[in-house]
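Chemist:
Numbering (our numbering), first residue to last: -7 to 155.
1) Between which two residues does the alpha helix (DSSP H) holding residue 89 run?
2) Identify the residues that DSSP records as bridge partners of residue 12: which are they?
3) Report the rounded CA-to-CA distance for residue 50 versus residue 104, giving the unit in angstroms.
4) Enumerate in chain order the residues of its own chain whose CB-to-CB distance from residue 93 is below 7 Å, with the five nearest sequence positions on each side excluded.
5) Might you give, ordered along the chain, the residues of its own chain that have their beta carbon closer than 8 Å to the beta carbon of residue 134, omitting 5 neighbours on each side?
6) Give me the Cβ distance between residue 14 and residue 45, rounded to the nearest whole Å; I'm assuming they're in contact under 8 Å.
7) Kindly indicate which three-state DSSP category residue 60 falls into: helix, strand or coil?
8) Using DSSP with H/G/I as helix, E/B as strand and the rest coil, what is residue 160?
9) Roughly how many angstroms separate the alpha carbons of residue 116 and residue 71, rounded to a whole number?
10) To the nearest angstrom, how far is it from the Cα of residue 112 to the Cα of residue 8?
11) Take every Cβ of the stretch 75 to 90, pair it with every Cβ of the stretch 21 to 39, and state whether three or more of those distances are shorter than 8 Å.
12) Buried or exposed for residue 124, please, with buried defined as at least 16 other CB atoms from any protein chain shown within 10 angstroms of its CB.
13) Looking only at DSSP bridge pairs, what is residue 49 linked to?
14) Could you check the C-alpha separation between residue 0 and residue 29 for me, to the nearest Å?
15) Output yes or no for whether 7 Å exceeds the beta carbon distance between residue 48 and residue 109.
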C-alpha cells in the first residue's frame, strides 16, 4: 500500500442510502460516516464522485505453507495428484520456519496488492515438528486485523484493511 492515510469522499456503500466518507489511517479503516455529517478530511483526499465502494476480495482456499515451491526439488511431470504428493514429501523435508514464513508473507503481499483482504489457508500438519503450522501461526499474528474501530458504523469484517 503506497499511501496508508487517505479520505475517500462522496462514495456510495452497498445496502446504505446516501453518500459516505471513508477515512483510512495507518492502512486501516478508522471511520465510515455519512457524508453530510463527516469530519473535515485531513491529508490526501479522493473524491469518489458517487462511485460505489465495494468490499474486498476473499481467498477462500489456499495453502500458504506450500506457495512458491513448484519445481523444488523437482517438478510434478505427470501433473497427477499422486506425483504431487510425492514431490511435496520431498519438499517438506527441506522446510524451515523462516522459509515457510517468508513465502507466505510474500504471497500475502501479492494478494493484498490485488485487492484480497481475507484469506483462509490450510496448513500441512503431517510434519511431526509442525514447522509449517508454527510459522503460519506467526504469520497470522503479524497480519491479523485489529478489529472494528468504536466509531465505525459498518462491520469491519466487510471494510477493514490489512496492512
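Glycine is no exception: its CB is placed at the ideal position from the N, C-alpha and C atoms.
Modeler: Taking the coordinates as given:
1) Note, residue 89: alpha helix (DSSP H), 89 to 105.
2) The secondary-structure analysis by DSSP pairs residue 12 across a beta bridge with 3, 26.
3) Their Cα atoms are separated by approximately 10 Å.
4) Only 127, 130, 131 meet the Cβ criterion.
5) Excluding five sequence positions before and after residue 134, the CB atoms of its chain that fall closer than 8 Å to its own CB belong to 97, given in chain order.
6) That pair is a contact at about 6 Å.
7) Residue state, collapsed to three classes: coil.
8) Outside the shown range of the chain (-7 to 155) lies residue 160, about which nothing can therefore be said.
9) So the two alpha carbons sit approximately 20 Å from each other.
10) Straight-line Cα distance between these residues: approximately 28 Å.
11) Not touching, per the Cβ criterion.
12) Result: buried.
13) DSSP lists 108 as partners of residue 49.
14) CA-CA distance, residue 0 to residue 29, rounds to 14 Å.
15) A contact, by the Cβ cut-off of 7 Å.
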